[in-house]
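Read the structure below first, then the notes.
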Amino acid sequence: MSDKPIYVTQPFLPPLEEFTAYLERIWENKTLTNGGPFHQQLEKALCEYLGVNHIALFNNGTIALITALQALKIKGEVITTPYSFVATAHSLLWNGIEPVFVDIDPNTLNLDPSKIEAAITSKTTAIMPVHCYGHPCNVEAIQEIADRHNLKVIYDAAHAFGVDCHCGSVLNHGDLSVLSFHATKVFNTFEGGAIVCPDAKTKRHIDQLKNFGFVDEVTVDVAGINGKMSEVNAAFGLVQLNHIDAALDGRKKVDTLYRSLLKDVVGIKCLEDTGKKVANYSYFPILVEQDYPLTRDELYQKLKDCNIYARRYFYPLISQFPTYKNLNSSNSKNLLNALDASEKVLCLPIYPDLENGEIKKIVNVINKDGKS
Ligand SMILES: *Cc1c(COP(=O)(O)O)cnc(C)c1O
32 MSDKPIYVTQ PFLPPLEEFT AYLERIWENK TLTNGGPFHQ QLEKALCEYL GVNHIALFNN
92 GTIALITALQ ALKIKGEVIT TPYSFVATAH SLLWNGIEPV FVDIDPNTLN LDPSKIEAAI
152 TSKTTAIMPV HCYGHPCNVE AIQEIADRHN LKVIYDAAHA FGVDCHCGSV LNHGDLSVLS
212 FHATKVFNTF EGGAIVCPDA KTKRHIDQLK NFGFVDEVTV DVAGINGKMS EVNAAFGLVQ
272 LNHIDAALDG RKKVDTLYRS LLKDVVGIKC LEDTGKKVAN YSYFPILVEQ DYPLTRDELY
332 QKLKDCNIYA RRYFYPLISQ FPTYKNLNSS NSKNLLNALD ASEKVLCLPI YPDLENGEIK
392 KIVNVINKDG KS
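Position one of the sequence shown corresponds to residue 32 (this note's numbering), numbered consecutively onward.
In structure tokens:
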């Protein structure tokens, strides 16, 4: 077997010459950051592409999450999911907020709205759900609960670039949505992120927060942070945006082939492809069920022995890390579905250039009974 390693993802890189043309312009006009021309151009282009009204770019998604919480002055307790990347809950701790973990729906692996209300206390100020793997949360149910209890909703939409639910971009739901443009994401700027804001006033406030709190040259009215995206990153984003549709199409083909090849494999369950009009195929999670001949970890190892690097996203749960495990809401009895998913899930390699032959090789390893 040809054994070029296959990683869970490969960064999406547009043609280098296109990028160097942008770099030459940076060298000419000597604006390196602080909301320069490429930064402004990328904000505008992303609004158009994503179908949203206002975007504030950031240097990464985590600083954007932290700033979104600052912008809405969130305090006390925030209800969130344990089934996510650690940055979701970390952004709460960085704001002195207590994360309150609520279990997920076993089918969508998103926060289960029917379990949110029981977790609300007098200290609850917001809900921070995640559109896990780019599958939209039940945004209507979540908004209804938020309205009833006067809570803000901040979506960690790091996986949801370009995802539409039935009523347009999923990023228009909640008070704010936060994107990540990290190298491993569907759309990347090497490092980067953004906050999708509903109106110009909110964007202005967020732009001040990400620039140390400067309102004008001599006025600083809050303790802002440095969350600015540089011109190099913004330029890369612009180049990449020209190729994003082809990249998403490539991912879709991978998703389709996996689904058809895995359809009849006993004990392997693919997540259902529902709840959205436009998907981004950002991940390809499978659940390794009881009737599969190997455990999830055995399959993970077997793939690794064949130079195929699947990832256990999300294992362990955030609530199992030392920083979080002593919270009341981290009690595993409270999080049975999340725990179950974290013990069954395996994200298979998916990226635009993954070849059909490679996909078949991966499925063959999964399909071959027993231990390697
Ligand atoms: C990637 C990711 C983040 C963090 O984004 P960075 O840009 O890497 O800081 C936050 N939440 C989720 C769910 C992510 O997948």
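C-beta: ideal position from N, C-alpha, C; glycine also.
Nearest residue (CA-CA) to residue i, options the options
{"i": "Y382", "options": "A369, L288, L293, T326", "result": "L288"}
{"i": "Y346", "options": "S122, I237, P68, V376", "result": "V376"}
{"i": "G255", "options": "Q41, V263, Q239", "result": "Q239"}
{"i": "I397", "options": "C196, P353, A341", "result": "A341"}
{"i": "N474", "options": "A177, I299, Y114", "result": "Lying before the first or after the last residue shown, residue 474 is absent from the chain, which here runs from 32 to 403."}
{"i": "F218", "options": "L103, S363, E374, A278", "result": "A278"}
{"i": "L334", "options": "V161, D276, K399", "result": "K399"}
{"i": "A147", "options": "C378, L124, F132", "result": "Looking at the sequence itself, residue 147 is Ile, so the reference to Ala does not match. Minimum Cα distance to I147 is reached at F132."}
{"i": "I135", "options": "K104, K154, N169, A102", "result": "N169"}
{"i": "D187", "options": "D34, K35, T98", "result": "T98"}
{"i": "C301", "options": "I317, E262, S145, V184", "result": "I317"}
{"i": "L182", "options": "L103, Q71, V227, F69", "result": "L103"}
{"i": "D322", "options": "Q174, K284, V297, E171", "result": "V297"}
{"i": "V83", "options": "K284, T139, V194", "result": "V194"}
{"i": "S208", "options": "K234, T215, P137, E248", "result": "K234"}
{"i": "H70", "options": "D178, C378, A225", "result": "A225"}
{"i": "H85", "options": "D206, I151, E59", "result": "D206"}
{"i": "K241", "options": "E55, N65, E59", "result": "N65"}
Straight-line Cα distance separating residue j from residue i
{"i": "L385", "j": "H180", "result": "46 Å"}
{"i": "L100", "j": "E320", "result": "37 Å"}
{"i": "N126", "j": "P324", "result": "45 Å"}
{"i": "D295", "j": "Q41", "result": "28 Å"}
{"i": "F192", "j": "N311", "result": "7 Å"}
{"i": "P380", "j": "H166", "result": "18 Å"}
{"i": "H204", "j": "C196", "result": "10 Å"}
{"i": "A76", "j": "N365", "result": "43 Å"}
{"i": "A149", "j": "S373", "result": "23 Å"}
{"i": "I299", "j": "V394", "result": "11 Å"}
{"i": "N387", "j": "L292", "result": "11 Å"}
{"i": "R327", "j": "I158", "result": "31 Å"}
{"i": "H274", "j": "L81", "result": "14 Å"}
{"i": "D34", "j": "D286", "result": "22 Å"}
{"i": "M260", "j": "L367", "result": "39 Å"}
{"i": "L88", "j": "L358", "result": "33 Å"}
{"i": "P353", "j": "E108", "result": "19 Å"}
{"i": "K402", "j": "K61", "result": "Summary for K402: the model assigns pLDDT 49, below 50, so the residue's position carries little reliability; its value from the coordinates is reported in the next sentence. Cα to Cα, the separation comes out at about 58 Å."}
{"i": "K154", "j": "D280", "result": "44 Å"}
{"i": "V201", "j": "V161", "result": "11 Å"}
{"i": "E171", "j": "A177", "result": "10 Å"}
{"i": "I173", "j": "Q351", "result": "25 Å"}
{"i": "C78", "j": "P68", "result": "16 Å"}
Beta bridge counterpart(s) of residue i as assigned by DSSP
{"i": "F69", "result": "According to DSSP, which records beta bridges pairwise, F69 is partnered with nothing at all."}
{"i": "N141", "result": "N141 is not bridged to any residue."}
{"i": "D247", "result": "T250"}
{"i": "P130", "result": "V109"}
{"i": "N257", "result": "N242"}
{"i": "C378", "result": "P316, R342"}
{"i": "V309", "result": "D195"}
{"i": "A157", "result": "V109, K183"}
{"i": "Y323", "result": "Beta-bridge pairing links Y323 to no other residue."}
{"i": "I37", "result": "I339"}
{"i": "I135", "result": "L142"}
8 Å CB neighbourhood of residue i in its chain, flanking five on each side removed
{"i": "M32", "result": "Summary for M32: the model assigns pLDDT 49, below 50, so the residue's position carries little reliability; its value from the coordinates is reported in the next sentence. Cβ within range, chain order: C337, K392."}
{"i": "E48", "result": "none"}
{"i": "F50", "result": "A266, F267, V270"}
{"i": "L63", "result": "I57, S261, E262, V263"}
{"i": "Q72", "result": "A265, L269"}
{"i": "P137", "result": "N368, D371, A372"}
{"i": "R282", "result": "V217, N311, Y312, S313, I381, Y382, P383"}
Sequence-distant residues of its chain with Cβ nearer than 7 Å to residue i (five each side left out)
{"i": "K106", "result": "I128, T156"}
{"i": "A120", "result": "T111, P130, I349, Y355"}
{"i": "S363", "result": "L370"}
{"i": "N257", "result": "F243"}
{"i": "G199", "result": "G82"}
{"i": "V246", "result": "Q239, D252"}
{"i": "H236", "result": "A102"}
Beta-carbon contacts of residue i that lie in its chain and below 6 Å, excluding the five residues immediately before and after
{"i": "Q271", "result": "P45"}
{"i": "V253", "result": "G244"}
{"i": "V117", "result": "I349"}
{"i": "A189", "result": "G92, S211"}
{"i": "P229", "result": "none"}
{"i": "I37", "result": "I339, P380, E389"}
{"i": "I94", "result": "G258"}
{"i": "T220", "result": "F212, N264, F267, G268"}
{"i": "T215", "result": "T40"}
Below-9 Å beta-carbon distance, residue i vs any chain B residue
{"i": "D187", "result": "As a matter of chain content, chain B is missing from the structure shown, which is built from one protein chain."}
Let me know the beta strand (DSSP E) ranges lying completely inside the stretch 160-227, each 3 residues or longer, listed in chain order. For secondary structure counted as the beta strand (DSSP E) over 3 or more consecutive residues, the stretch 160-227 holds these complete runs in sequence order: 183-187, 207-211.
Every unbroken alpha helix (DSSP H) within the stretch 276-302, with a cutoff of 4 residues, ordered by chain: Here no run is fully enclosed.
With a floor of 4 residues, list each alpha helix (DSSP H) that falls wholly inside the stretch 46-103, ordered by position along the chain. For the stretch 46-103, whole alpha helix (DSSP H) runs of length 4 or above, ordered along the chain, are 47-60, 68-81, 92-102.
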